[in-house]
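First the structure, in the form of structure tokens, and then the observations on it.
Encoded structure:
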């Protein structure tokens, strides 16, 4: 919770995440059907340089149905990786040959509507999610930042058994960390449990 003590932008993101968590809890308590997704996630992270970072991690989501074609989704994810970068070394050291390994962690919490339709055991869907993202990078010292985040994307669920399916999902995850805009590509796959 000490991360939420800071400038106005940090407090705004923490407040948004807290509000969305409360709203989601109240919403899901009223909903009779939905699904839970857990799986592997790959993130092609925009580093605001010519190179992109390859991060691996996890994603989980819970969807409660409001109508047969409309649900409310709470989506959380974490991505981790180590990349070589000179992004934080400005100016570049004499000789410019020292490239540190930067360890990074990017977490997001998002909430929003999802539309879907089920046809013969296949359920395509699309969603627009809004929330927050937090990054932590370590390369000797540590730097952290938070920002509002949005994800626009969709995917498809394939029915494997009565209550179990397999999901393939892709999103454009937009953040504004370290006063720059990032357009990250997130691709996830894993099991989905319908209730």
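In my numbering, the protein residues as written are 1221 to 1415. Idealized CB from N, CA, C, for every residue including glycine. Note that this is a predicted model, so its numbers are computed, not measured.
| Query | Result |
| --- | --- |
| Selected residue, minimal CA-CA separation from residue 1296, among 1330, 1357, 1375, 1388 | 1330 |
| Euclidean distance between Cα positions of residue 1410 and residue 1269 | 31 Å |
| Whether residue 1377 touches residue 1339 by CB criterion (7 Å) | no |
| Secondary structure of residue 1349, DSSP reduced to three states | strand |
| Buried versus exposed call for residue 1188 [16 or more other C-beta atoms within 10 Å across all chains shown] | Nothing about residue 1188 can be reported from this structure: the residues present for the chain run from 1221 to 1415 only. |
| Residues bridged to residue 1382 [DSSP beta-bridge criterion] | Paired residues: none, contrary to the question. |
| For residue 1377, three-class secondary structure by DSSP | strand |
| Paired residues, beta bridge with residue 1399 - DSSP | DSSP, once it has assigned bridges, lists no residue as partnering residue 1399. |
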